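Novice: Questions regarding the structure given below will be posed in turn.
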DNA sequence: GAGTGGTCTAGACCACAGA
DNA sequence: CTGTGGTCTAGACCACTCG
């Protein structure tokens, strides 16, 4: 047995992880092929493959058949209600807090936006106070990317009676001032919001596909509900991101 | 080759997952040994082992050498600032919101509490406005279990100048009314709080050990900071839980 | 000691991407 | 076509728990 030192797959994963975070393999680059890594670490390819699954589950790499294993590591982004403050929105400019955060990391923000009329899922219909089983919503899908790496998908649901035929229905660029400003202009200003966070769940196939993550990778889901002074919910936005791409922060009074 | 139908390891994981959630294997029970499952599904033990790792990463099972694979599935618990309301605390009784939630699931809540004087980590020292590198804090460790399954570990840090020698230092049972009431009685009533959520990260070895989870399993971390009317932070509580054991909910005004 | 899961190998075949 | 990662097997040895 010529191997002087033995390597468990966790050990291999740890070494590669350190090289990624240390900048040896920058985000967007491709790792050496598994057979080469196997030789380098004196282990079988099975073990290296196993180590890659560990790193893929952590979100550091994205192995692809035929294409190699790409580094997808990104530091987490902060999600905070402060992003909804008018002052914050204006300070960051019309492009929004997302763009600013991505650029601050030296990456290029990208948006893909589509809208459609659709039937909301039961929980959304319930929150909006709409009858179930009808295509009574305008839904605005946004896929956000950082230098071609998908980092979040948002689905914003609005009652068709409020949003149909308005600026919210435009597929084009980001809405100036954000959807909350647009809703306020339509006569539905929001005064409070509720957010529910599911820190970690398995993605649906559609989500794994849209986010281009390994099926083992977990996602975080944030459900944001915006309400008017009358307590009417006029917006439900569901955000899904790879779990380690996000942190959240809240402040609240104690009674 | 007598196998009529082929099974991928994801397929095996899916079948066992459905059986667990469906109640075929209740929480706390032990799955059949891997060789038996291999035969049942017409696959090698390697594949079944692989499927188990998937389920372990999801938090549904906890395989242990020599002991078998135990089902550890629990529905997520809701974390909400409402738990800090005095009215909520009183309604739930002195045992707290945690006990009520666990009992509502038909499980037995358990607490392990230890206190010590210790040096806070740099970020905690910074928040509390204390000099670094000194054992100037009282830290109160709580490990919470549901029917012998660890579901959360809390570390509450208080300045020793406030909490030393007080009721907060007692290792005994749960503090009646909670630590916030105790701090208020000591002259430090809290009026607001900030919470930061890291939805998913790898556990430290100590955390994986205390929570008895597989090293692959991710955890959610919530850092809670309680502040007085003067803006002084008097309490920092760091909660760590297996990621899928928790959901969080917040409400806030929009400006 | 017997049985459990944890790890590892060598080799194989497949699906997919790209020249 | 070649090379990539994805999957799978058969068998092996180890570490651990429990009777």
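Protein chains in written order, with this note's numbering: chain P, 1 to 255; chain F, 1001 to 1255. Note that the Cβ used here is the ideal one computed from N, Cα and C, for glycine as well. Just so you know, these numbers come straight off a predicted model, no measurement behind them.
For chain F, find out if any of its Cβ atoms is closer than 9 Å to the Cβ of residue 255 of chain P; answer yes or no.
Specialist: yes
Novice: Pick out whichever of P/130, P/62, P/193 has its Cα sitting closest to the Cα of residue 74 of chain P.
Specialist: Taking only the C-alpha atoms, the option nearest residue 74 of chain P is P/62.
Novice: So, with DSSP's three-state summary, where would you put residue 1035 of chain F?
Specialist: helix
Novice: Consult DSSP for residue 1094 of chain F and reduce its assignment to one of helix, strand or coil.
Specialist: Confidence in residue 1094 of chain F is poor, its pLDDT being 49 and thus under 50, which makes the residue's placement unreliable; the coordinate value appears in the next sentence. In this structure, residue 1094 of chain F counts as coil in the three-state DSSP scheme.
Novice: Of all Cβ atoms in chain P, is any one closer than 9 Å to the Cβ of residue 1199 of chain F?
Specialist: yes
Novice: Could you name the residues of the stretch 47-67 of chain P whose beta carbon sits closer than 8 Å to any beta carbon of chain F, in the order they occur along the chain?
Specialist: Listed by position along the chain: 54, 57, 58.
Novice: Can you find the residues in the same chain that come closer than 6 Å, C-beta to C-beta, to residue 1068 of chain F, ignoring five residues on each side of it along the sequence?
Specialist: 1030
Novice: Who pairs with residue 141 of chain P in a beta bridge, going by DSSP?
Specialist: P/114, P/155
Novice: Give me, in chain order, the residues of the same chain whose beta-carbon lies closer than 8 Å to that of residue 1064 of chain F; leave out the 5 immediate sequence neighbours on both sides.
Specialist: 1070
Novice: Can you give the Cα-Cα distance for residue 1246 of chain F and residue 1142 of chain F, rounded to whole angstroms?
Specialist: 17 Å
Novice: To the nearest angstrom, how far is it from the Cα of residue 145 of chain P to the Cα of residue 239 of chain P?
Specialist: 13 Å
Novice: Just checking: is the beta-carbon of residue 1019 of chain F within a distance shorter than 9 Å of some beta-carbon in chain P?
Specialist: no
Novice: Which residues does DSSP list as the beta-bridge partners of residue 68 of chain P?
Specialist: P/64
Novice: Given residue 1244 of chain F, which residues of its chain have a CB within under 8 Å of its CB, disregarding the five upstream and five downstream residues?
Specialist: 1058, 1059, 1076
Novice: Should residue 1205 of chain F be labelled buried (16 or more other beta-carbon atoms within 10 Å of its own) or exposed?
Specialist: It counts as exposed.
Novice: Residue 1218 of chain F CB to nearest chain P CB: under 9 Å?
Specialist: yes
Novice: Return the residue from the list F/1078, F/1200, F/1097 that minimises the CA-CA distance to residue 1221 of chain F.
Specialist: F/1200
Novice: Reducing DSSP to helix, strand and coil, say where residue 1057 of chain F ends up.
Specialist: helix
Novice: For residue 132 of chain P, which residues in the same chain have their Cβ closer than 7 Å to its Cβ, ignoring the five residues on either side in sequence?
Specialist: 122, 125
Novice: Closer than 8 Å is the cut-off here; do at least three beta carbon pairs connect the stretch 1146-1159 of chain F with the stretch 1226-1242 of chain F?
Specialist: Segments in contact, yes.
Novice: Using a Cβ cut-off of 9 Å (strictly closer), state whether residue 247 of chain P contacts chain F.
Specialist: yes
Novice: Shorter than 9 Å from the beta carbon of residue 202 of chain P to some beta carbon of chain F?
Specialist: yes
Novice: Closer than 8 Å, Cβ to any Cβ of chain F: which residues of the stretch 20-42 of chain P, in chain order?
Specialist: none
Novice: Nearest by alpha-carbon distance to residue 118 of chain P: which of P/193, P/137, P/250 is it?
Specialist: P/137
Novice: Short of 9 Å Cβ to Cβ, which residues in the stretch 1180-1197 of chain F face chain P?
Specialist: 1180, 1189, 1190, 1191, 1192, 1193, 1194, 1195, 1196, 1197
Novice: Excluding sequence positions up to five away, which residues of its chain have a Cβ less than 7 Å from the Cβ of residue 160 of chain P?
Specialist: 117, 136, 137, 138
Novice: Taking Cβ-Cβ distances shorter than 9 Å, what residues in chain F pair up with residue 252 of chain P?
Specialist: Neighbours of residue 252 of chain P in chain F, taken as residues at a C-beta separation under 9 Å, are given in chain order as 1081, 1084, 1192, 1193, 1194, 1195, 1250, 1251, 1252.
Novice: Pull up the CB-CB distance for residue 78 of chain P and residue 249 of chain P, whole angstroms please, since I reckon it's below 8 Å.
Specialist: About 6 Å separates the two Cβ atoms, so the contact holds.
Novice: Residues of chain P with CB closer than 8 Å to the CB of residue 1243 of chain F, please, in chain order.
Specialist: 199, 200, 218, 243
Novice: Does residue 1010 of chain F come within less than 9 Å of chain P when only Cβ atoms are used?
Specialist: The Cβ of residue 1010 of chain F sits closer than 9 Å to at least one Cβ of chain P.
Novice: Can we say the stretch 4-24 of chain P touches the stretch 32-45 of chain P, given the rule of at least three CB pairs closer than 8 Å?
Specialist: yes
Novice: Measure the alpha-carbon distance for residue 97 of chain P versus residue 151 of chain P and round it to whole angstroms.
Specialist: 14 Å
Novice: Between residue 1094 of chain F and residue 193 of chain P, what straight-line distance do the alpha-carbon atoms span, to the nearest angstrom?
Specialist: Residue placement at residue 1094 of chain F cannot be trusted, given a pLDDT of 49 that sits under 50; what the coordinates show is reported in the next sentence. Approximately 31 Å, taken between the alpha carbons.
Novice: Hey, is residue 2 of chain P's beta-carbon within less than 9 Å of any beta-carbon in chain F?
Specialist: At residue 2 of chain P the pLDDT is 31, less than 50, meaning the model places this residue with poor confidence; the figure from the coordinates comes in the next sentence. Not one chain F Cβ lies under 9 Å of residue 2 of chain P.
Novice: Flag residue 178 of chain P as yes if its beta-carbon sits less than 9 Å from any beta-carbon of chain F, otherwise no.
Specialist: no
Novice: Just mark residue 1072 of chain F as buried or exposed, buried being the case when its beta carbon has 16 or more other beta carbons within 10 Å.
Specialist: By the 16-neighbour rule on beta-carbons within 10 angstroms, residue 1072 of chain F is buried.
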